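Just add 1 to the spot in the sequence shown (first one is 1) and you have the UniProt record's numbering. For each residue, glycine too, the CB sits at the ideal point set by N, CA and C. Since the structure is predicted, the reported quantities are computational estimates derived from the model, not experimental observations. A short write-up of the structure that comes next.
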Amino acid sequence: APKPIIAPSILASDFGKLFSECSRIIHDAGADWLHIDIMDGHFVPNITIGAPVVTCIRGAVERNADWSKGVFDCHMMVAEPQKWVSDFKEAGCDLYCFHQEAAAASKDPVTSPTELIRQIHALGMKAGVAVKPGTPVDVLYPLLDGEGEKPDMVLVMTVEPGFGGQKFQARCMPKVAALRARYPELDIEVDGGLGLGTIEQAAEAGANVIVAGTAVFGAADPAEVVRTLRETVQR
Ligand code: DX5
Ligand code: ZN
2 APKPIIAPSI
12 LASDFGKLFS
22 ECSRIIHDAG
32 ADWLHIDIMD
42 GHFVPNITIG
52 APVVTCIRGA
62 VERNADWSKG
72 VFDCHMMVAE
82 PQKWVSDFKE
92 AGCDLYCFHQ
102 EAAAASKDPV
112 TSPTELIRQI
122 HALGMKAGVA
132 VKPGTPVDVL
142 YPLLDGEGEK
152 PDMVLVMTVE
162 PGFGGQKFQA
172 RCMPKVAALR
182 ARYPELDIEV
192 DGGLGLGTIE
202 QAAEAGANVI
212 VAGTAVFGAA
222 DPAEVVRTLR
232 ETVQR
């Protein structure tokens, strides 16, 4: 199975001191990736940050040698994901994860998920595809099995996207298990309500990329939480 990757979500951080918060989590707590939630107020009923802020976080990371390998996992909860690919590349995004539901409903008919993945790859980023709790994963099989360029990661949301701090939805675990059975080497990310109380279920189902906002940023000892999440996935 692919290696465990722990990706704290900065949505749970204090945005007033973003740099020190990111430092605290990547550098001090030993996280693998930084999960950056981008919300546009259309795809989800909330607005967070855009490419200009990601540029600033990337700048801060570049100035700190120890962070040079920091992977920016940008979760694009936006209605028109094809619009922001190059902006996010320039901002320093490494993995551009768009929602299947947004691509399917896009007003831009030329931007099929396959074409979007091709554009993301052409700019040198990894591509992810996310599904909301109510979207079955079989809609992704043509993409994962097809002739075109394939996603590097699938994100199975375990809460309705839009807000941090929600309750983990265990009903999403069969989707993770189905994907894992079919794609043993695929990076499968889970996002929403993950923490020490829910990680066992996610690991058991086969998820290997673990997003955790509140559970990491709110912990008295974030390093301990990151370590425990990683160990549980590894088992
Ligand atoms: C929700 C976001 C999540 C969220 C996770 O729309 O996609 O990444 O920040 O936060 P917790 O871990 O607090 O549920
Ligand atoms: Zn997210």
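Expected contact under 8 Å - CB spacing of residue 129 and residue 94 to nearest Å:
Here residue 129 refers to the residue found at position 128 of the sequence shown. Here residue 94 refers to the residue found at position 93 of the sequence shown. Between residue 94 and residue 129 the Cβ distance is about 11 Å, and since that is not below 8 Å, they are no contact.
With DSSP as the reference, please indicate the residues paired to residue 39 in a beta bridge.
For the purposes of this step, residue 39 is taken as the residue at position 38 of the sequence shown. DSSP output for residue 39 lists 77 as bridge partner(s).
Since residue 156 sits in a beta bridge, which residues does DSSP pair it with?
Along the sequence shown, read from residue 1 onward, the residue named residue 156 stands at position 155. Per DSSP, 131 and 190.
Do residue 37 and residue 73 come within 7 Å of each other at the CB atom, strictly closer than that value?
Start at 1 with the first residue of the sequence shown, and residue 73 comes out as number 72. Start at 1 with the first residue of the sequence shown, and residue 37 comes out as number 36. Residue 73 is a Cβ neighbour of residue 37, given a cutoff of 7 Å.
Using a threshold of 7 Å, state whether the C-beta atoms of residue 158 and residue 127 are closer than that.
Within the sequence shown, numbered from 1, the residue matching residue 158 stands at position 157. Within the sequence shown, numbered from 1, the residue matching residue 127 stands at position 126. No. Outside cutoff.
Looking at the ligand DX5, does it come within less than 6 Å of residue 24, judged from the CB to the closest heavy atom?
Taking the sequence shown and counting its residues from 1, the one referred to as residue 24 is at position 23. Not one heavy atom of the ligand DX5 sits closer than 6 Å to the Cβ of residue 24.
Neighbourhood of residue 92 by C-beta distance below 7 Å, restricted to the same chain and skipping five residues each side:
Residue mapping note: residue 92 aligns to position 91 of the sequence shown, counting from 1. Take residue 92, set aside five residues on each side of it, and the residues of its chain with a beta-carbon closer than 7 Å to its own are 52, 55, 56 and 59, in chain order.
If distances are taken between C-alpha atoms only, which option among 120, 208 and 96 comes closest to residue 236?
Translated into the one-based positions of the sequence shown, residue 236 becomes position 235. For residue 236, the nearest C-alpha among the options comes from 208.
C-beta contact flag for residue 226 and residue 217 at 7 Å:
Start at 1 with the first residue of the sequence shown, and residue 226 comes out as number 225. Start at 1 with the first residue of the sequence shown, and residue 217 comes out as number 216. Cβ atoms of residue 226 and residue 217: closer than 7 Å.
To the nearest angstrom, report how far apart residue 29 and residue 120 are at their CA atoms.
What you label residue 29 is simply residue 28 of the sequence shown in a count that begins at 1. What you label residue 120 is simply residue 119 of the sequence shown in a count that begins at 1. Rounded to the nearest angstrom, the two C-alpha atoms are 35 Å apart.
By DSSP, does residue 57 sit in helix, in strand, or in coil?
Against the sequence shown, residue 57 aligns to sequence position 56. Helix, per DSSP.
State the start and end residues of the unbroken beta strand (DSSP E) segment that holds residue 9.
Position 8 of the sequence shown holds residue 9. Per DSSP, residue 9 is one residue of the beta strand (DSSP E) stretching across 6–9.
Per-residue DSSP class, three states only, for residue 118
Counting from 1 along the sequence shown, the entry for residue 118 is found at position 117. Residue 118: helix per DSSP, three-state reduction.
Classify residue 176 as buried or exposed, calling it buried when 16 or more other Cβ atoms lie within 10 Å of its own Cβ.
In the sequence shown, the residue the question calls residue 176 occupies position 175. With 16 or more other CB atoms across the displayed protein chains lying within 10 angstroms of its CB, residue 176 is buried.
With distances taken between CB atoms, is the gap from residue 288 to residue 143 smaller than 7 Å?
This structure cannot speak to residue 288, because the chain is shown only from 2 to 236.
Taking any heavy atom of the ligand ZN as the mark, which residues have a C-beta closer than 6 Å to it, listed down the chain?
Counting only residues whose CB is nearer than 6 Å to a non-hydrogen atom of the ligand ZN, the list in chain order is 10, 36, 38, 76, 192 and 212.
Is the separation between the beta-carbon of residue 194 and that of residue 168 shorter than 7 Å?
For the purposes of this step, residue 194 is taken as the residue at position 193 of the sequence shown. For the purposes of this step, residue 168 is taken as the residue at position 167 of the sequence shown. Yes.
Continuous beta strand (DSSP E) stretch holding residue 20: start and end:
Position 19 of the sequence shown, counted from the first residue, corresponds to residue 20. No beta strand (DSSP E) holds residue 20; the alpha helix (DSSP H) holding it covers 19–23.
Distance CB(residue 243)-CB(residue 22) smaller than 7 Å:
Any answer about residue 243 is impossible in this case: the structure gives the chain only from 2 up to 236.
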